[in-house]
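Here's the structure we're looking at; comments come further down.
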Amino acid sequence: MKNDKEISIDQFTAEEKVLVELRVKTLTAKLGHIASKKEEKEILKEAKRLVMKERVVRESTQVVKVKKPRKPSAAKESEVKDFSWSGSLRKNPRAMK
Numbered sequence: 001m002k003n004d005k006e007i008s009i010d011q012f013t014a015e016e017k018v019l020v021e022l023r024v025k026t027l028t029a030k031l032g033h034i035a036s037k038k039e040e041k042e043i044l045k046e047a048k049r050l051v052m053k054e055r056v057v058r059e060s061t062q063v064v065k066v067k068k069p070r071k072p073s074a075a076k077e078s079e080v081k082d083f084s085w086s087g088s089l090r091k092n093p094r095a096m097k
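Counting in UniProt numbering, the final residue of the sequence shown is number 97, and the numbers go up one at a time with none missing.
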């Protein structure tokens with residue numbers, strides 16, 4: 001026996017809720033007879049699972065924007081972990097004067 005957690009309907013957007021209802025109707029139509037309460041629950045669970053699976057696939061195919069690392073000179077104070085005085089003086093020789 002599978003021990004799947006049921007997906008809450010609150011996790012879906014309005015469009016996805018409509019898709020869940022459409023999936024329930026199509027799965028009920030495929031059943032060919034009037035579903036019992038237990039079958040209705042299983043159909044609803046399957047419809048939610050299918051819609052969530054589509055959502056995960058859609059989100060995983062979206063391009064993830066990669067953050068470019070900042071130059072050390074443009075870094076904020078909180079982002080600076082170590083500071084090299086000699087490197088700083090080489091970069092800006094006027095600081096020695």
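The C-beta atom is built at its ideal place from N, Cα and C for all residues, glycine as well.
Is the separation between the beta-carbon of residue i and that of residue j shorter than 9 Å?
i, j, result
"Lys68", "Ile7", "no"
"Ile43", "Thr28", "yes"
"Glu16", "Arg49", "no"
Quick one: residues in its chain with C-beta nearer than 8 Å to the C-beta of residue i, no 5 flanking neighbours on either side, listed in chain order?
i, result
"Met1", "Because Met1 sits at a pLDDT of 41, beneath the cut-off of 50, its placement in the model cannot be relied upon, and the following sentence gives the value as read from the coordinates. For Met1, where only same-chain residues beyond five positions count, there are no Cβ hits under 8 Å."
Spatial neighbours of residue i within its chain, please: C-beta separation below 7 Å, excluding the five flanking residues on both sides.
i, result
"Lys65", "none"
By a C-beta neighbour count over all protein chains shown, 10 Å radius and 16 as the cutoff for buried, is residue i buried or exposed?
i, result
"Val18", "exposed"
"Arg58", "exposed"
"Ala47", "buried"
Nearest to residue i by CA position, among the options, is which residue?
i, options, result
"Lys25", "Glu40, Lys5, Thr61", "Glu40"
"Lys5", "Gln62, Lys37, Met52", "Met52"
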